[in-house]
Each structure stands twice: as C-alpha cells, then as structure tokens.
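Since the structure comes first, as structure tokens, the remarks are kept for the end.
Numbering (my numbering), first residue to last: 296 to 666.
Shown next, in the form of structure tokens:
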C-alpha cells in the first residue's frame, strides 16, 4: 500500500551565459595615491582624485587607455608605492576574486628576467585560479643621450633569447604607447579577433609627441620596423595616409608557434573560458558516459559556445564575420582515458586576415578592332 506523492523539480541544464571578462584589464604601477588598493575605473571616473596628483606613469597609461577604449571602457587600477611590487598587487586582486583578461604593468622593465617573471605569474594564475591572462609590459623610452641605433641595441637586449608567450612588450617611444595599445585592445567596438593593426578601427588617439634622439632625428620608420622584428609591439604610419596606427600585437613567443600575435591567444583563451564551466558541471555526472548518444549530446553542448563565437551578422549587404569560423563535425573530440577520466580536444579556426597586401597593375595595349 502507498500514498500518492507529486513533486516538481527545477532542472538546471547549464544553458546560461558565462560572465565575459574580455576587454577588462588590470593596470599596475607606481602612483602617489591609494597605494595598495584596487580601484574600479570607467569613462566617468575622475582620475585626479582616484590616482592622485601630480601625474604618474600609471595615470598617464590609464588616461591613454580610456581615450582609446571607447564608450564602454572600464578597468581596474592598482597603484603601488615606491617600495611596492606588481606581484603583490596582482596576487591581492586575485585573492579578492577579480578576473581580468590582461594585466598591464606600467613600470618599464630593463631586463629579460623581469619579463620572464611576468610570464611565470600569468601561468601561475592559470594553475592556481584557473584564470587565463596575458601581460602587457613597458620597456624604457629613448633618452636624449641615445642615438636610435643605440636605443635599438638596448631594446633588443631585453628580449634576446626570451620565450614568454603570454607577455607582450611595448617600448614607450612616445611615453604612453602602453596605454594607447591597452585601450585599443579593450575597445568594445572592435572584436577580440581583430589585430590592433586593423586600420578600419581608426587611428590611435592621444599618442605622445614624436621622440628624437641625441642628434635631433625624429623616430624613423626603420627603427619601428626593427623593433617589430624583435617581437616588440609598436605604432606605425602609412606614407601619404593620415593618422597613426598600430602594428601587430606581438607576443614574446618562439618561432613557428601558433600564438605569436595577440588575437590568436585571445581567441583561444576566450574559448577556454567558455568551455571550462561546462566541463566543471559535468564532474561525476553520469549523463556524460561512453555511450554513443551521450557522446553526441555532450559534443553538441560543448560546441555551443564555439557556434556563438562564430556567429556573423549581415547588414547593408555586407557580412561582419564572427570571431572564428563555424565549427564543423570533428572539431570537438571526447576521448575516454579510463573509466573516470575524459580528455576533450577542441579546434577553433580564426578567419584569414590580410596584413600584407600587394596590387599588381598591368597595361592593356591591345588594339580594339571595332574602332
């Protein structure tokens, strides 16, 4: 014998959105006010009251980032005192639960070991907190006592032999290059799949004065080209075309690597952030098993964020592509390593993007027989 019972349960199928942290950066650097604190800033913030007077390098870079970051720009700032260090500020931000896409360290580095330490810190965040970040670092500005050739030798020595694939180094040629690039990468009007080189994004804003060397020679394009070859990220101009633009966002990665430019790393990191919560929800859930139906259902579920990244828009006869190409069958593979261990292989494919364009023009000197 039994009594009738009815229950209604809400099932959570894990179909909600994942909080997006792309374009949200943490700026760390010496400042005269609020040292040791984390300050949330946006386009309305009074930087004088938040970051203090007189002007500091931290405020200079944040000001440039805000100018280039568009109307939805926001960031975290972590001023440090004269005896402070960026490692402590970074760890403090993580312990307080702040997730950011990039860490921008405004105090210029002079040795490769400093850049290596920044890469190690980025890797550690992934190991400890499961958070993926890249680091933007400044290298020194040219001094009035240097020639351009001497400056180039000094800069190349900083990154010589260094492998730091999560670090992007920016020479402070104009004094605020780091902030300008930081804002350009954080602009919500531009896809994370776009290179900062993209001319259609517009010219950079508020870049400092053109530097000169000890002989009074303005910054030559050849020096910027050599810095780019050495894996630095620098501004650029096009003769007879107005405005200052940017080159590639070069990562300090090794030759033949997949992640030598920032847009490829950002795409992989975004995909990882979207997939990770889906994998966490499946821990010890027997609905993910080795049966054919389960494998198909779970592959389809893991492919959903990739489809979202690939979504394009057609407007006024023009197609605005998604961040990646649409995923295909076989782009996600689940492999059972044991009764309790699963490995997931995921492939994402960025769109082709022209960075070196050449036009070939030929004359047609044939005679029109109809004349």
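The beta carbon of each residue, even a glycine, is placed where N, CA and C say it ideally should be.
Three-way DSSP call (helix, strand, coil) for residue i in this model
i: residue 394; result: coil
i: residue 319; result: coil
i: residue 434; result: strand
i: residue 559; result: helix
i: residue 572; result: helix
i: residue 513; result: strand
i: residue 497; result: coil
Whole-angstrom distance between residue j and residue i, CA atom to CA atom
i: residue 494; j: residue 634; result: 52 angstroms
i: residue 460; j: residue 484; result: 26 angstroms
i: residue 603; j: residue 533; result: 35 angstroms
i: residue 449; j: residue 528; result: 16 angstroms
i: residue 596; j: residue 427; result: 22 angstroms
i: residue 561; j: residue 356; result: 21 angstroms
i: residue 650; j: residue 339; result: 35 angstroms
i: residue 454; j: residue 507; result: 23 angstroms
i: residue 504; j: residue 469; result: 6 angstroms
i: residue 551; j: residue 523; result: 16 angstroms
i: residue 463; j: residue 400; result: 11 angstroms
i: residue 575; j: residue 569; result: 11 angstroms
i: residue 325; j: residue 342; result: 14 angstroms
i: residue 480; j: residue 385; result: 20 angstroms
i: residue 488; j: residue 577; result: 29 angstroms
i: residue 474; j: residue 358; result: 7 angstroms
Contacts around residue i, its chain only, beta-carbon distance under 7 angstroms, and the 5 residues preceding and following it disregarded
i: residue 620; result: 605, 644, 646
i: residue 486; result: 618
i: residue 631; result: 585, 637
Those residues which DSSP pairs with residue i across a bridge
i: residue 456; result: Residue 456 pairs with nothing; no bridge assigned.
i: residue 631; result: 637
i: residue 530; result: 541
i: residue 613; result: 610
i: residue 462; result: 430
i: residue 372; result: 322, 334
Same chain, Cβ closer than 6 angstroms to residue i, neighbours up to 5 away in sequence not counted
i: residue 641; result: 627
i: residue 530; result: 539, 541
i: residue 345; result: 334
Supposed close pair residue i, residue j - CB separation, criterion 8 angstroms
i: residue 322; j: residue 396; result: That belief does not hold up - the Cβ atoms of residue 322 and residue 396 are roughly 12 angstroms apart, past 8 angstroms.
i: residue 404; j: residue 432; result: 6 angstroms
Own chain, CB closer than 8 angstroms to residue i, minus 5 neighbours either side, in chain order
i: residue 371; result: 319, 320, 321, 322, 333, 334, 335, 336, 388, 393, 395
i: residue 554; result: 460, 546, 548, 560, 563
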